Structures are given as structure tokens and as C-alpha cells.
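Have a look at the structure below before the remarks.
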Amino acid sequence: MANDMSYELPYLALQPKAASNARRQLGMTQATAADQSGLPLHKIKRFEAGNYIPDEPFLVDLRAFYEGRGHRFDDTPEPGAKAKAQGKVFPAGVVADAEPDDEGSTPTGARSARAQPTEVHHMRIALKGDAIGHALDVIEANEDRIDELLKQPVKEEWLIGGLSERSQATHAEVLKLMAENGRLYARLFGRDIGGAPSAEALDGKKVPSTHADLLHRRQADAHKAANGDREALRRKQAAKPADTLLSALFG
Numbered sequence: 002m003a004n005d006m007s008y009e010l011p012y013l014a015l016q017p018k019a020a021s022n023a024r025r026q027l028g029m030t031q032a033t034a035a036d037q038s039g040l041p042l043h044k045i046k047r048f049e050a051g052n053y054i055p056d057e058p059f060l061v062d063l064r065a066f067y068e069g070r071g072h073r074f075d076d077t078p079e080p081g082a083k084a085k086a087q088g089k090v091f092p093a094g095v096v097a098d099a100e101p102d103d104e105g106s107t108p109t110g111a112r113s114a115r116a117q118p119t120e121v122h123h124m125r126i127a128l129k130g131d132a133i134g135h136a137l138d139v140i141e142a143n144e145d146r147i148d149e150l151l152k153q154p155v156k157e158e159w160l161i162g163g164l165s166e167r168s169q170a171t172h173a174e175v176l177k178l179m180a181e182n183g184r185l186y187a188r189l190f191g192r193d194i195g196g197a198p199s200a201e202a203l204d205g206k207k208v209p210s211t212h213a214d215l216l217h218r219r220q221a222d223a224h225k226a227a228n229g230d231r232e233a234l235r236r237k238q239a240a241k242p243a244d245t246l247l248s249a250l251f252g
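FYI, in the working numbering the residues of the sequence shown are 2 to 252.
Shown next as C-alpha cells:
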């Protein structure tokens, strides 16, 4: 799901691939780097994946951390000069690999000098601090579970036809987890689908009167985990697969 960042952004104090290489050469996992540096794990993960441009202080601190552990970065005299020499970065924007000429290759192995607009988009996250990481932890746990479920074979009822009860339950669980992630992504951008749940709804003490109440009750652990409740996250991850369609939807 990661999107490899194959070009440099010259104004960054550290590039994604350089950060990833430094961490690996130091024998660190992303979690270890976060723990020892005191920097947010979710920022390290998404920066290395190439789909997130963090704030400058974070990059400066991350670079200083790796350098403090003895890593030497292969910097060029001017930030971005290496990419410019390879034909990847131009004042007008960022370019991808050059298009081949009529002979099917580029002269002397050079890249095309045709500049393209930089496709970097900034989206404002409404959550603050650790709340971002908590929400992303739940989203990633759900994605991992979805990937596992989608690999399972589809089985049919050979007597009555149609999908087997287990296959129906598995597919319903996939859709349920995707619904949780949909709400969490909306929450990242400041939208609370169905409104903010009450404590009674989350604890199952309120009889649902609307489908919003029912949604809050069904997604209670996801909501709690996204608010930093580690026990709720562990409970979600340890939950056994549903046996029936009904239990997948309402169990």
C-alpha cells in the first residue's frame, strides 16, 4: 500500500530513501527508531513509504538522530543536485523517467528535460498529536485483517447453492472493517459520520434508537482504540472470525 517516492524534493532536509537506508544500516526497525529517537512512529513509517511529507523540524531531528548513531549521509553539495544531474528535478517541477526516442532509447542514457508540474498535494488533518497515530494504528490493523480475509477461498453450498455461510460471514467482516476505516478516514479530516457517540452507546448501555446509535455500538472498539485505548485495540485484533453472516454484522 505504500507508494514509493522515486524522486527527490530538494527542499527537504532528508529524503525518504535516505532515511530508510540509514535506519536499515543501523539495524533498526521503524519501531526501534521511533522509540529511541522519541519521534512519532506513524510519521517515520509514512515518510519512508513516500506518501507523506512531514514538517521540517521532524526531518531535522530524524536526520540528527541517525547521524548521532554514526550514520553518514551521502549528501551532495547542494540539496537536490544529485537528482538534477540525473534529470529528475527541474525548477519547473518534477519529472519521471524520460520517454524513449524514436530508436527506443534515450541518448547517452540521459533523461528527458521535459519538466512536469509537481504532483504534491497537502491535505489538512483535523486531529492533533497522538490522536493521528492512534487512528492510523486502527486503520492499519484493519487493513492487515482485510488482507488476510481477502486471501481466503470462496466456498459454495453444494446442496442448496449460493455462498457458504462461512464465505458470507467472511465477506461481511471485510465490509465491516472497510466501514470502520471509512469513518476513521473521515474523522482524520474533521468529519464525524453519524455524529459523536455517547459513552452509553460505546459501552452498550443504550438501546439503539437510530442506525447511528447501532453503528456506534458495532464500532465501539474501533472508536475506543482510535482514542488511544490499547485494550480495545488488542480486543479487536484478538477477535475470532465470525461464523455466520448475522454474527459478522451484529455479533
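All residues carry an ideal CB built from backbone N, CA and C; glycine is no exception.
None of the values given here were measured: they were computed from a predicted structure.
For this session: Grab the span of the alpha helix (DSSP H) containing residue 45 for me, first residue to last.
Result: Here residue 45 is taken as the residue at index 44 of the sequence shown, counted from 1. Its alpha helix (DSSP H) spans residues 42–50.
Problem set entry | Bridge partners - residue 164, DSSP secondary structure assignment | Locating residue 164 in the sequence shown gives position 163, counting from the first residue. Note: residue 164 sits in a beta bridge opposite 157.
Exercise. Buried or exposed: which applies to residue 131, given that a residue is buried once 16 or more other Cβ atoms fall within 10 Å of its Cβ?
Worked result: Translated into positions along the sequence shown, residue 131 becomes position 130. Residue 131 should be labelled exposed.
Exercise. Considering residue 14, what are the terminal residues of the alpha helix (DSSP H) in which it resides?
Worked result: Stepping through the sequence shown from its first residue, residue 14 is reached at position 13. Going by DSSP, residue 14 is part of no alpha helix (DSSP H) at all; its letter is neither H nor E.
For this session: Between the Cα of residue 175 and those of 51, 243, 14, 193, spot the shortest distance and give me the residue it belongs to.
Result: Reading the sequence shown from its first residue, position 174 is the one you call residue 175. Of the candidates 51, 243, 14, 193, the one whose C-alpha sits nearest the C-alpha of residue 175 is 243.
Problem set entry | Distance between beta carbons of residue 40 and residue 63, contact taken as under 8 Å | Here residue 63 is taken as the residue at index 62 of the sequence shown, counted from 1. Here residue 40 is taken as the residue at index 39 of the sequence shown, counted from 1. Indeed they touch by this definition, with Cβ atoms about 6 Å apart.
Problem set entry | Coil, strand or helix - residue 228 by DSSP | Translated into positions along the sequence shown, residue 228 becomes position 227. Correct three-state label for residue 228: coil.
Exercise. For residue 158, which residues of its own chain have a beta-carbon under 6 Å away from its beta-carbon, when the five flanking residues on both sides are left out?
Worked result: One-based indexing of the sequence shown puts residue 158 at position 157. Only 165 meet the Cβ criterion.
Problem set entry | For residue 134, three-class secondary structure by DSSP | Within the sequence shown, numbered from 1, the residue matching residue 134 stands at position 133. In this structure, residue 134 counts as helix in the three-state DSSP scheme.
For this session: My understanding is that residue 170 touches residue 221, with C-beta atoms under 8 Å, so please give their C-beta distance in whole angstroms.
Result: Working through the sequence shown from its first residue, we reach residue 170 at position 169. Working through the sequence shown from its first residue, we reach residue 221 at position 220. Residue 221 and residue 170 do not touch by the CB rule: their CB atoms are close to 20 Å apart, not below 8 Å.
For this session: Quick one: grab the DSSP three-state call for residue 251.
Result: As a working note, residue 251 is residue 250 in the sequence shown. The answer is helix: DSSP assigns residue 251 an H, G or I state.
For this session: Round the Cβ separation of residue 226 and residue 135 to the nearest angstrom and send it over; I've been treating them as touching at under 8 Å.
Result: Mapped onto the sequence shown, residue 226 falls at position 225. Mapped onto the sequence shown, residue 135 falls at position 134. So it is a contact: roughly 7 Å between Cβ atoms.
For this session: Specify the secondary structure class of residue 208 as computed by DSSP and reduced to three states.
Result: Residue numbering aside, residue 208 sits at position 207 when the sequence shown is read from its first letter. Residue state, collapsed to three classes: coil.
Problem set entry | Terminal residues of the alpha helix (DSSP H) in which residue 69 lies | Counted from its first residue, the sequence shown places residue 69 at position 68. Unbroken alpha helix (DSSP H) run through residue 69: 57–69.
Exercise. Beta-carbon separation of residue 48 and residue 126 under 8 Å?
Worked result: Locating residue 48 in the sequence shown gives position 47, counting from the first residue. Locating residue 126 in the sequence shown gives position 125, counting from the first residue. Contact: no.
For this session: Give the single residue among 238, 216, 141 whose Cα lies nearest to the Cα of residue 199.
Result: Taking the first residue of the sequence shown as position 1, residue 199 is located at position 198. That would be 216, whose Cα lies nearest to the Cα of residue 199.
Problem set entry | Inter-stretch contact at 8 Å, needing at least 3 Cβ pairs: the stretch 178–197 / the stretch 143–156 | yes
Exercise. Which same chain residues, not among the five before or five after residue 14, have their C-beta less than 7 Å away from its C-beta?
Worked result: As a working mapping, residue 14 is identified with position 13 in the sequence shown. The answer, listed in chain order, is 57, 60, 61, 64.
For this session: Determine the direct distance from the alpha carbon of residue 37 to that of residue 70, and round the result to whole angstroms.
Result: The residue labelled residue 70 in the question sits at position 69 within the sequence shown. The residue labelled residue 37 in the question sits at position 36 within the sequence shown. About 10 Å.
Exercise. When burial is assigned at 16 or more other CB atoms within 10 Å of the CB, is residue 139 buried or exposed?
Worked result: As a first step, residue 139 must be located in the sequence shown, where it is residue number 138. Buried, since its Cβ has 16 or more Cβ neighbours within 10 Å.
Exercise. Rounded C-beta distance between residue 67 and residue 128? I'm assuming under 8 Å.
Worked result: Within the sequence shown, residue 67 is the residue found at index 66, counting from 1. Within the sequence shown, residue 128 is the residue found at index 127, counting from 1. Incorrect: roughly 28 Å between the Cβ atoms, too far for contact.
For this session: Rank 218, 16, 154, 197 by C-alpha distance to the C-alpha of residue 1 and give the top, closest one.
Result: Beyond the ends of the chain as shown, which are 2 and 252, falls residue 1; an answer cannot be given.
For this session: Could you pull the start and end residues of the alpha helix (DSSP H) that residue 37 belongs to?
Result: Looking up residue 37 in the sequence shown gives position 36. Residue 37 -> alpha helix (DSSP H) spans 31–38.
For this session: Please classify residue 185: is it buried, with 16 or more other beta-carbons within 10 angstroms of its beta-carbon, or exposed?
Result: Counted from its first residue, the sequence shown places residue 185 at position 184. Burial call: buried.
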